[in-house]
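Structure record follows, encoded as structure tokens.
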Amino acid sequence: MLYGYEMQKHDKRTIVVTGGSRGLGRAIVTGFAKSGDNVFFNYSSSNDEAKVETENIAGDLACGFRVDVTVEDDVSAFFHSVIEKTGRIDVLVNNAGITRDGLIVRMKEKDWDDVLDINLKGVFLCSKIAAKTMMKQRAGSIINISSVVGVSGNPGQTNYVASKAGMIGFTKALAKELAPRNIVVNAIAPGYIKTEMTDSLSEKVTEQMLSNIPLKRLGETEDVTGVVDFLASKKASYITGQVFHVNGGLHM
Ligand code: NAP
Numbered sequence: 137m138l139y140g141y142e143m144q145k146h147d148k149r150t151i152v153v154t155g156g157s158r159g160l161g162r163a164i165v166t167g168f169a170k171s172g173d174n175v176f177f178n179y180s181s182s183n184d185e186a187k188v189e190t191e192n193i194a195g196d197l198a199c200g201f202r203v204d205v206t207v208e209d210d211v212s213a214f215f216h217s218v219i220e221k222t223g224r225i226d227v228l229v230n231n232a233g234i235t236r237d238g239l240i241v242r243m244k245e246k247d248w249d250d251v252l253d254i255n256l257k258g259v260f261l262c263s264k265i266a267a268k269t270m271m272k273q274r275a276g277s278i279i280n281i282s283s284v285v286g287v288s289g290n291p292g293q294t295n296y297v298a299s300k301a302g303m304i305g306f307t308k309a310l311a312k313e314l315a316p317r318n319i320v321v322n323a324i325a326p327g328y329i330k331t332e333m334t335d336s337l338s339e340k341v342t343e344q345m346l347s348n349i350p351l352k353r354l355g356e357t358e359d360v361t362g363v364v365d366f367l368a369s370k371k372a373s374y375i376t377g378q379v380f381h382v383n384g385g386l387h388m
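Residue numbers (the numbering used here): 137 to 388.
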């Protein structure tokens, strides 16, 4: 049986990245695009300037679409347009995510729902549709961007932690479900990576965080994209249902 990766020696791979307009997602999109893959990504912003800037991330190499991962019909239209253009989906990176932090006694139901909808239901909707194509191909790799706090817990983030821990359970269940079709599903649990999400933290919180990281620095987006590249490659074709910790030793 041919692996998707072997078929791709001559053909470009088709990669879909959710939340590719900023931060980690943007770095993932740029990396794949520079390697010559066909890259499609989505984002949610309704800001037109951001849209134009985003769609030019990697010149003509990556296509961006404004698609909310929580809206099933829009997700479906997005994936169908990708399949129409390239006929396949080799790699799905479920990266889109938000935080709406707060102690539980003050957390609004909407903050709970928004985080669970985007971070977890979005992963379900995108994986469901990508899996259908990957099952026909009998090849594919799904990479879910979870978080260190999904494993360690974190006060003030019950919604976010529940979503990220949920992603890990989802990864393991889906890995078992799709393994007979030669599809691998893994999660990456990054620690604190320098993006807009962590820029918003106060100096005090950042200093406190650094004091707990054995490698004494925040992560760079490249620390995560290297693992994404590996998991998307043939080198990882016998790895499934695993969680890769990229956190400078913050949680062991
Ligand atoms: P970020 O800079 O805030 O970017 C988030 C991305 O998700 C943006 O592209 C955003 O699009 C997109 N997005 C948000 N809601 C969406 C929706 N409903 N539909 C589609 N796209 C949506 O975040 P980041 O720091 O790069 O984080 C990326 C992922 O890594 C997240 O899942 C996060 O939980 C995880 N993570 C990050 C860290 C860290 O330290 N940064 C650590 C552990 C895990 P717009 O630009 O349109 O808003």
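Heads up, the beta-carbon is just placed ideally off N, CA and C, and yes, glycines get one too. Quick caveat: nothing in here was measured; it's all calculated off a predicted structure.
| query | Cβ of Val-175 versus every heavy atom of ligand 1: is any distance shorter than 6 Å? | reply | no
| Does the beta carbon of Asn-178 fall short of 6 Å from some heavy atom of ligand 1? | yes
| request: State the beta-bridge partners of Ala-325 as determined by DSSP. | output: By DSSP's assignment, Ala-325 forms a beta bridge with His-381.
| query | Taking buried to mean at least 16 other C-beta atoms within 10 Å of its own C-beta, is Met-270 buried or exposed? | reply | buried
| Where does Ile-304 sit, in a helix, a strand or coil, going by DSSP? | helix
| message | Between the alpha carbons of Val-211 and Val-205, how many angstroms are there, rounded? | response | 6 Å
| said: Need the endpoints of the beta strand (DSSP E) that Ser-263 sits in, please. | reply: Counting along the chain, no beta strand (DSSP E) covers Ser-263; the unbroken alpha helix (DSSP H) around it starts and ends at 258 to 273.
| request: May I have the straight-line CA-CA distance separating Val-188 from Leu-160, to the nearest angstrom? | output: Low confidence applies to Val-188: its pLDDT is 47, below 50, so where it sits in the model is not reliable, and the reading given next is rough at best. Cα to Cα, Val-188 sits roughly 19 Å from Leu-160.
| field | Near ligand 1: Met-333 beta-carbon under 6 Å from a heavy atom | value | Answer for Met-333: yes, Cβ within range of ligand 1.
| task | Determine the DSSP secondary structure at Arg-317, reduced to helix, strand or coil. | result | helix
| task | Whole angstroms is fine: what's the gap from Met-143's alpha carbon to Gly-286's? | result | Reliability of the predicted coordinates at Met-143 is poor, the pLDDT of 44 falling under 50, and the value obtained from them is presented with this limitation in mind. Each residue's Cα considered, the two are about 35 Å apart.
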